[in-house]
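Inspection log for the structure reproduced underneath, given as structure tokens.
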Amino acid sequence: MNYRHLGRTGIRVSELSFGSWVTFKNQVDVKDAVEIMAAAYDAGVNFFDNAEAYASGKSEEVMGEALKKLKWRRGSYLVTTKIFWGLHDGVNERNTLNRKRLIEGINDSLERLQLEYVDVLYCHRPDKTTPIEETVWAMHNIIEWGKAFYWGTSQWDADEIVAAINIAEKHHLHKPVTEQPEYNLFERQRFEKQYARLFKDYGYGSTTFSPLASGMLTGKYLNGIPEDSRAALKGYDWLHESVTDKEKLARVDALQSIADELGCTLSQLSLAWVLKNPNVSTVITGASRVEQLHENMKAGEIAPKLTLETLKQIDTIFGVKEEEEE
Ligand SMILES: NC(=O)c1ccc[n+]([C@@H]2O[C@H](COP(=O)([O-])OP(=O)(O)OC[C@H]3O[C@@H](n4cnc5c(N)ncnc54)[C@H](OP(=O)(O)O)[C@@H]3O)[C@@H](O)[C@H]2O)c1
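Oh and the sequence shown: position 29 is 28 in numbering that gives the first Met the number 0, straight run, nothing missing.
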């Protein structure tokens, strides 16, 4: 496993990491979580991602129980969580980054995770109604109180991130240090274009999510929706349109010959492609069973094999023209 600095911070994160969205509680109980997290840790993963919203708080509970059983030294791993959507319908408790919600939210997350602190706390989405200044102050205080060591953003616009950094600098507060954006072969624009100045001018970190587009880039949806897949889960009907999109499926199919040439699977190739981007601090992977994790952890061996020529071939398959890349 290779380790990369999380932006300009002093901490290093495994280039492949693990997150619990969809899987923990819905597909994975505590026993399986212990098995999957242990396999990840043994492969060198030191970054475990969660969010209060995942399975309405139950995902944090499962991870907390698993961590208790795993008994790892706290210094040997990082846990992250995220706040925004909330778990209750009170007027100040939904879709907000107000001070009260953030502080109550981190306290509740820590209780579910059975931890004294998380390593990174993210604002899971931007909140257009709370002044960014209020959010920055609350995140600063949470760090000062030792409940989180760093804070970050998730799916914020570059302008909003720069505004948060500027407010923090003006008042000598802890700045956000990393984004958590979607980044995969289908979803490149925001990461590669809009965020370019964040990486260049601010050394912002990135912990990227859904590297396999919810599993689509594994090729598992090429012949329909498998019964044991994410898209077949109750409540995930919204994925059907994407995983049955003929144009997207044709692109995934066309990747197979490149994977064959490299002697790897489509999952490994798609993860390796994300790893090739030096602006990525860590690729947060997901797995509903331990075999997937074992397969995915080998992506690090494939990344060095992706030559410029291969990357160009991949761009052609995904309809990215050379002038767009500049
Ligand atoms: N900040 C945000 O807003 C946000 C949003 C989404 C995710 N995230 C984070 O990023 C993490 C990863 O996202 P993701 O779960 O969407 O990642 P992903 O890699 O796009 O999808 C993971 C899913 O694909 C399938 N899969 C993975 N490896 C496979 C393999 N080798 N063979 C066959 N199927 C395989 C599994 O689903 P099935 O077995 O069920 O098909 C697995 O749960 C999340 O856990 C979360 O921590 C953050």
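We treat Cβ as the ideally placed atom computed from N, Cα and C, and that holds for glycine.
Since we're looking at a predicted model, the values are computed, not measured.
- Item | Inter-residue Cα distance where the pair is Q154 and I160 | Spanning the alpha carbons of Q154 and I160 requires a straight line of approximately 10 Å.
- Message: Count Cβ pairs between the stretch 41–55 and the stretch 77–94 that sit closer than 8 Å; are there 3 or more?
- Response: As far as the Cβ criterion goes, the stretch 41–55 touches the stretch 77–94, which means the pair count is three or higher.
- Message: Among T284, K275, V279, whose alpha-carbon lies nearest the alpha-carbon of I301?
- Response: Per the C-alpha coordinates, the member of T284, K275, V279 positioned closest to I301 is K275.
- Task: Report yes if the C-beta of T22 is less than 7 Å from at least one heavy atom of ligand 1; otherwise report no.
- Result: Within the cutoff, so yes.
- the stretch 208–220 in contact with the stretch 228–243 per 3-pair CB rule at 8 Å: Verdict: yes, contact present.
- Query: Just to check, is the beta-carbon of N276 closer than 7 Å to a non-hydrogen atom of ligand 1?
  - Reply: No, Cβ of N276 sits at least 7 Å from all heavy atoms of ligand 1.
- Item | Beta-carbon proximity of L114 to A298, cut-off 8 Å | No, they are not a contact pair.
- Ordered list of alpha helix (DSSP H) runs contained in the stretch 104–152, each at least 4 residues: 131–143, all fully within the stretch 104–152.
- Query: In terms of residue numbering, what span does the beta strand (DSSP E) encompassing L15 cover?
  - Reply: L15 -> beta strand (DSSP E) spans 15–18.
- Query: S256: beta carbon under 7 Å from a heavy atom of ligand 3?
  - Reply: As for ligand 3, it is missing from this structure, which binds only ligand 1.
- Query: Name the DSSP bridge partner or partners of S205?
  - Reply: Looking at the DSSP assignment, S205 forms a beta bridge with E178.
- For F185, the three-state DSSP class (helix, strand or coil): F185: coil per DSSP, three-state reduction.
- Query: Do E181 and F208 have their C-beta atoms within less than 8 Å of each other?
  - Reply: For E181 and F208, yes; Cβs fall inside 8 Å.
- Query: What are the boundary residues of the alpha helix (DSSP H) that T315 is part of?
  - Reply: Element bounds for T315: 307–316.
- Mind checking which residues open and close the alpha helix (DSSP H) that includes D31? Going by DSSP, D31 is part of the alpha helix (DSSP H) stretching over 29–41.
- Message: Count Cβ pairs between the stretch 51–71 and the stretch 97–110 that sit closer than 8 Å; are there 3 or more?
- Response: Remark: three or more beta-carbon pairs, one from each stretch, lie closer than 8 Å, so the stretch 51–71 and the stretch 97–110 are flagged as touching.
- Item | Residue span of the alpha helix (DSSP H) that contains D158, given as start and end | Element bounds for D158: 157–170.
- What are the boundary residues of the beta strand (DSSP E) that V61 is part of? Run containing V61: none in the beta strand (DSSP E); it sits in the alpha helix (DSSP H), 57–69.
- Item | Span separating the alpha-carbon of K30 from that of A65 | C-alpha separation (whole angstroms): 7 Å.
- Message: Would S280 and L77 qualify as a contact pair, given that the criterion is a beta-carbon distance under 8 Å?
- Response: Annotated as distal: S280 and L77, with beta-carbon spacing of 8 Å or more.
- With a cut-off of 8 Å, do at least 3 Cβ pairs link the stretch 120–130 to the stretch 89–97? Verdict: yes, contact present.
- If we ignore side chains and look at the alpha-carbon of each, how far apart do F317 and K199 end up? Put simply, the backbone Cα of F317 is about 26 Å away from that of K199.
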